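Input: a single structure, listed below in structure tokens.
Residue numbers (full-length UniProt numbering): 1 to 128.
See the structure below:
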């Protein structure tokens with residue numbers, strides 16, 4: 001897959017998340033996907049995302065930086081949202097916070113197979 005094709009695929013994946021179109025998630029996420037070393041497949045990946053949107057009703061993924069080097073994507077995602085309760089063990093409780101997530105993806109067979117993610121928790125702590 002070419003860099004531009006992989007970037008376009010990733011942008012379509014982010015659009016799918018923002019629409020919460022879970023029926024289409026399998027177009028982007030491998031059946032054997034893992035997140036931060038935990039293998040839970042497409043079903044577990046979907047459950048994680050549904051839980052995120054339940055806990056953060058105004059969640060919206062904004063691509064701030066995107067680098068494609070097939071089969072990898074590196075992305076910096078920006079968020080401004082109001083988690084309902086605790087988030088990353090912090091008492092956010094509905095306060096609007098802004099933070100970034102740095103994410104690396106490995107694609108296999110045209111789908112996300114591995115995800116490594118780090119959220120800037122210190123940025124959230126500074127706002128509370």
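We put the beta carbon where it would ideally sit given N, CA and C, even for glycine.
Note that the structure is a prediction, hence the values are computed from the model and not measured.
Buried versus exposed, by CB contacts within 10 Å (16 or more), residue i
i	result
residue 72	exposed
residue 125	exposed
residue 12	exposed
residue 88	exposed
residue 123	exposed
residue 2	exposed
Proximity test, Cβ basis, 8 Å: residue i and chain B
i	result
residue 76	The question asks about chain B, but that chain is absent: this structure has only one protein chain.
Inter-residue Cα distance where the pair is residue i and residue j
i	j	result
residue 52	residue 121	16 Å
residue 65	residue 82	22 Å
residue 63	residue 39	25 Å
residue 110	residue 57	30 Å
residue 47	residue 92	22 Å
residue 59	residue 96	11 Å
residue 36	residue 15	22 Å
residue 31	residue 43	8 Å
residue 33	residue 128	34 Å
residue 76	residue 98	13 Å
residue 103	residue 112	12 Å
residue 26	residue 10	13 Å
Which residues DSSP lists as bridging residue i, in chain order
i	result
residue 14	Paired residues: none, contrary to the question.
Close Cβ partners of residue i (< 7 Å) along its chain, the five nearest in sequence each way excluded
i	result
residue 18	60, 61
Point to revise | beta strand (DSSP E) segments (min. 3 residues) lying fully within the segment 28-113 | key: Here the runs fully enclosed are 29-35, 62-69, 72-81, 97-108.
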